[in-house]
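One structure is given below, encoded as structure tokens.
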Amino acid sequence: MKSEITISELANLMNVSVHQIRYFEEKGVLGPAYTDNNQYRMYNIEQVYQLAHILLLRKLGVSVQSINDCMTSYSADQYQQLLHHSLRELDAELLRLNELQHFIKKVLHEQQNFNSQSNQYHIKRRDTTYFASWIEMDSHTKLNAKLLAEQAKRVPNLFESDIHYIYDGSSTISLCLETQGPGDFPLPGGNYLSMQSLIHEDDELKQMIEQLYDYVAAQSYTIAGPLILIERSYLSLFSKNELYYELQFLIESATKSERRNHHDCSTDNN
């Protein structure tokens, strides 16, 4: 009884295709033990182990062209270095996948949150957020491709970033991005009056800002911070030719304002 197996049996044993084994043979990294009288390639236990090593190296990312060098000249230390290198690449890939998962969840949450808002205005609680300044531009300047291109290196993935426009009442608008650390300046935590809408033309955005100011006045809210405009361009996936904008104001509650006014009156009476 022969101890060798055919190429089909070897492929079945190692869960690969016959084509893949032939490709390895063409590249000179694997060969049969012998070819029988019927021109069948025959493989023994040595080729089984050899193919196992080849498949492991391929799984580690070693190119077919480099496999022969690995198998003929690599020391144990070099194989350890190879495995450590593969671990570092795997850790980087896991980080990338985790970040992608976080971003997908963020997009779905923002889109569902927008669709679920029955009231145009609502109060949103925000924790203290830190920002890095990105672009400073005149309030009368319209954001354009040239401005973005000049600052492109400062934003690794513009397509997935929330861009915050800070209107502080001066003639300059600051475009900022959230950071994990202290950044350039903080946005204090508190209650923020929020208004969100899909905008097609710039004039609609101006009307949106005016509406928010009118609502603040009608509700007797006290504004405690700058106007914040948040652009989430990725949400335009769900609505063609429109951009998603959210306006926010840090406000003091009516109760707090009333307490402060009462305190002022008491001081005056004294």
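Counting from 0, one number per residue, gives the positions in the sequence shown under numbering that gives the first Met the number 0.
Backbone N, C-alpha and C fix where the C-beta goes; we use that ideal spot for every residue, glycine too.
Handout entry: Same chain, Cβ closer than 7 Å to residue 188, neighbours up to 5 away in sequence not counted
Key = Position 189 of the sequence shown, counting from 1, holds the residue named residue 188. Same-chain partners within the cutoff: 125, 126 and 127.
Practice task
Would you kindly work out how many angstroms separate the C-alpha atoms of residue 210 and residue 227, rounded to a whole number?
Solution key: Position 211 of the sequence shown holds residue 210. Position 228 of the sequence shown holds residue 227. Taking the straight line from one Cα to the other gives about 14 Å.
Exercise for the section: Please look up how many angstroms separate the CB atoms of residue 130 and residue 186, rounded, as I've assumed it's under 8 Å. Expected result: In the sequence shown, residue 130 corresponds to position 131, counting from 1. In the sequence shown, residue 186 corresponds to position 187, counting from 1. Contact flag correct, Cβ pair sits at about 6 Å.
Problem - With 16 other Cβ atoms within 10 Å as the buried cut-off, status of residue 50 - result: Residue 50 sits at position 51 when you count from the first residue of the sequence shown. Residue 50 is buried by the Cβ-count criterion.
Problem - Buried versus exposed, by CB contacts within 10 Å (16 or more), residue 231 - result: For the purposes of this step, residue 231 is taken as the residue at position 232 of the sequence shown. Flag for residue 231 reads buried.
Handout entry: residue 218 versus residue 153 - alpha carbon distance
Key = Taking the first residue of the sequence shown as 1, we reach residue 218 at position 219. Taking the first residue of the sequence shown as 1, we reach residue 153 at position 154. Their backbone Cα atoms lie some 40 Å apart in a straight line.
Handout entry: Inside the region 140-216 only - beta strand (DSSP E) runs reaching at least 3 residues
Key = 162-166, 171-178, 184-186 and 189-198
Practice task
Please name the residue, chosen from 240, 96, 84 and 177, that lies closest to residue 59 on a Cα-to-Cα basis.
Solution key: Reading the sequence shown from its first residue, position 60 is the one you call residue 59. Selected option, being the one with the closest Cα: 84.
Exercise for the section: Enumerate in chain order the residues of its own chain whose CB-to-CB distance from residue 2 is below 7 Å, with the five nearest sequence positions on each side excluded. Expected result: Translated into positions along the sequence shown, residue 2 becomes position 3. Closer than 7 Å at the Cβ level, and outside the excluded window around residue 2, lie 43.
Practice task
Let me know if residue 16 comes out buried or exposed under the rule of 16 or more other beta-carbons within 10 Å of its beta-carbon.
Solution key: Taking the first residue of the sequence shown as position 1, residue 16 is located at position 17. With fewer than 16 other Cβ atoms within 10 Å, it is exposed.
Handout entry: Proximity below 9 Å, CB of residue 199 to CB of residue 242
Key = Taking the sequence shown and counting its residues from 1, one reaches residue 199 at position 200. Taking the sequence shown and counting its residues from 1, one reaches residue 242 at position 243. In this structure, residue 242 lies closer than 9 Å to residue 199 by Cβ.
Exercise for the section: Would you check if the distance between the CB atom of residue 108 and the CB atom of residue 193 is smaller than 9 Å? Expected result: Position 109 of the sequence shown, counted from the start, is the residue given in the question as residue 108. Position 194 of the sequence shown, counted from the start, is the residue given in the question as residue 193. Not in contact: residue 108 and residue 193 (Cβ atoms no closer than 9 Å).
Problem - Residues bridged to residue 131 (per DSSP) - result: Locating residue 131 in the sequence shown gives position 132, where the first residue counts as 1. For residue 131, which the question treats as bridged, DSSP gives the partners 176.
Exercise for the section: Note down the Cα distance separating residue 56 from residue 66, rounded to an integer number of angstroms. Expected result: Working through the sequence shown from its first residue, we reach residue 56 at position 57. Working through the sequence shown from its first residue, we reach residue 66 at position 67. When rounded, the distance between both Cα atoms is 7 Å.
Handout entry: Extent of the continuous beta strand (DSSP E) to which residue 245 belongs
Key = Residue mapping note: residue 245 aligns to position 246 of the sequence shown, counting from 1. 242-251 is the span of the beta strand (DSSP E), which, as asked, contains residue 245.
Exercise for the section: Check residue 26 in the structure and name its three-state DSSP category. Expected result: One-based indexing of the sequence shown puts residue 26 at position 27. Three-state result, residue 26: coil.
Problem - beta strand (DSSP E) segments (min. 3 residues) lying fully within the region 64-137 - result: 120-125 and 128-137
Handout entry: Range covered by the beta strand (DSSP E) that runs through residue 230
Key = On the sequence shown, residue 230 is found 231 positions in, with the first residue counted as 1. Element bounds for residue 230: 226-231.
Problem - Simplified DSSP assignment, three categories, for residue 220 - result: Here residue 220 refers to the residue found at position 221 of the sequence shown. Of the three classes helix, strand and coil, the one that applies to residue 220 here is coil, per DSSP.
Handout entry: Residues bridged to residue 41 [DSSP beta-bridge criterion]
Key = Start at 1 with the first residue of the sequence shown, and residue 41 comes out as number 42. Note: residue 41 sits in a beta bridge opposite 5 and 33.
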